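Here the sequence shown stands for residues 54 to 392, where the numbers follow the numbering used here. Backbone N, C-alpha and C define an ideal beta-carbon position, used for all residues, glycine too. Being a predicted model, the structure only gives us computed values, none of them experimental. What follows is a short report on a single structure.
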Amino acid sequence: MSNTKPSDIQSIIDAAKKIVIIQADNPDGDSLASSLALEQILGDMGKEPYLYCGIDMPQHLTYLPGWDRVNKELPGQFDASIIVDTSSLKLLESLEKSGQRQWIAAKPSIVIDHHKDVVSTINFATIVWNKTAVATGEVLYELAAELGWPLNLAAGNMIATSILSDSLGLSTDQTTARSIHIIAELVEKGVELAALDNMRRELMRKSPELVRYKGELLQRVEYHDNNHIATITIPWEEIEKYSQAYNPSMLVIDEMRWTENTHIAIAFKLYRDGKITAKLRANFGSPIANKLAEHFGGGGHPYASGFKITEKRPFSEVKSECVQLASQLIDELKKDVSA
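Structure representation (structure tokens):
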């Protein structure tokens, strides 16, 4: 709805009591923090917020207070829903598989997202509020200011976390002056950035077993196209063994992309049912992660994206296609720079 106004969002919220806050099946720091901020805002408005995600929260996000309130099942009764940080129906696959999508579609549903260049495929949404911003938390902050929503300190902490997460500490080229101003305004409201970062760093501590496993993963990293592309493949046995303690992809993907001459790091995970997932992290100046993910039906940001393949394609075929396309995208970037 191109002529949607903030007041239209307010009308749906005013008419609802119990509101489900939905994250996609690939939760990240922005989606969880935005959900937790929205939970605080709606609670202070006298609503009954209910947090939902179709998968377990990744261990690396459990430093955020309130992560354990996220449920994997929808409530038996609710009045409306708010989907945060995605405009893609494919990323809500868990709702489809469980047959619960119809429950969401039967009630008013609001999408709040910041991927403005992505056309929404959530065809049942009543309102799609998709504004260009570095993070969903930034969009949420602007909505709260315009509509006079209450913003307590816990909500402010989560909005700051959302922005800092998706902007990689205000360092990506999607970060704007407004992003920085919002962080400053939140600090003026009492948000302590050092305390937020300390929570994150405490969770980053790893057991000796994980440190040794990280070393094994780093030894298995493969480089392609003159080191421009780094890949790691994580089999089901390792996913099963280590995921409860830490996401294996997240253990090494930063070191992979920080390798000299590397433009993008790709972490493949192979599941027992034949599903293949890929986490993509690109370096500054190589904003190709979203284009690579979109080719395989996924999505995300130019520097951080992912995709999932469920049709049981041979992994060697998927990997080869992914590396080849990444190489093409890098070549196109070079041509653009030299033109």
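The Cβ-Cβ distance between Ile282 and Val305 does not fall below 8 Å. Note on Asp67: under 16 other CB atoms within 10 angstroms of its CB, so exposed under the neighbour-count rule. Annotation for Leu271: Val305 and Glu308 place their beta carbon closer than 7 Å to its own, counting only its chain and skipping 5 residues before and after.
Pairing Ile287 with Gly327, the inter-Cα distance amounts to about 13 Å.
Pairwise C-beta distances place the stretch 209-227 in contact with the stretch 83-103, as three or more of them are shorter than 8 Å.
In this structure, Ile165 sits near Thr189, with a CB-CB distance shorter than 8 Å. Shown here, Lys160 sits in coil according to DSSP, grouped into three states, outside any helix or strand. In the structure shown, the three-state DSSP call for Thr189 is helix. Only exposed fits Asp226, as fewer than 16 other CB atoms lie within 10 angstroms of its CB. The distance from the Cβ of Ile94 to that of Trp202 is about 5 Å, consistent with a contact at the 8 Å cut-off.
Between Pro59 and Leu196, the CB-CB gap stays under 8 Å.
Annotation note: the stretch 173-260 contains the following uninterrupted beta strand (DSSP E) runs of length 3 or greater, listed N- to C-terminal: 180-183.
Within its own chain, the residues whose Cβ lies closer than 6 Å to the Cβ of Asp78, once the five positions on either side in sequence are excluded, are Gly107, Ile108, Leu144, Glu146 and Ser147, listed in chain order.
Within the model, the alpha-carbon separation for Val264 versus Asn210 is close to 30 Å.
Ala159 has its alpha-carbon roughly 33 Å from the corresponding atom of Ala357. In the DSSP assignment, Ile66 falls within the alpha helix (DSSP H) that extends over Pro59 to Ala68. The residues Lys143 and Phe360, in chain order, have a CB closer than 7 Å to that of Gly350 in the same chain once the five nearest residues on each side in sequence are set aside. Taking 8 Å as the cut-off, the Cβ atoms of His348 and Leu378 count as close. For Gly152, the secondary structure class from DSSP, reduced to helix, strand or coil, is coil.
When only Cα atoms are considered, Ser162 and Arg122 end up about 21 Å apart.
Burial check for Trp120: the Cβ neighbour count within 10 Å reaches 16 or more, so the residue is buried. For Ser358, the secondary structure class from DSSP, reduced to helix, strand or coil, is strand.
Considered as a whole, the stretch 96-122 harbours 101-105 as its complete beta strand (DSSP E) runs of no fewer than 3 residues, in chain order.
Excluding five sequence positions before and after Phe321, the CB atoms of its chain that fall closer than 6 Å to its own CB belong to Thr286 and Ala331, given in chain order. Ala342 sits in a helix when the DSSP states are folded into three classes. The C-alpha of Pro102 lies about 21 Å from the C-alpha of Tyr116. Under the three-state reduction of DSSP output, Gly353 falls in the strand class. If the five residues before and after Val171 are omitted, its C-beta is found closer than 6 Å to the C-beta atoms of Ser140, all from its own chain and listed in chain order.
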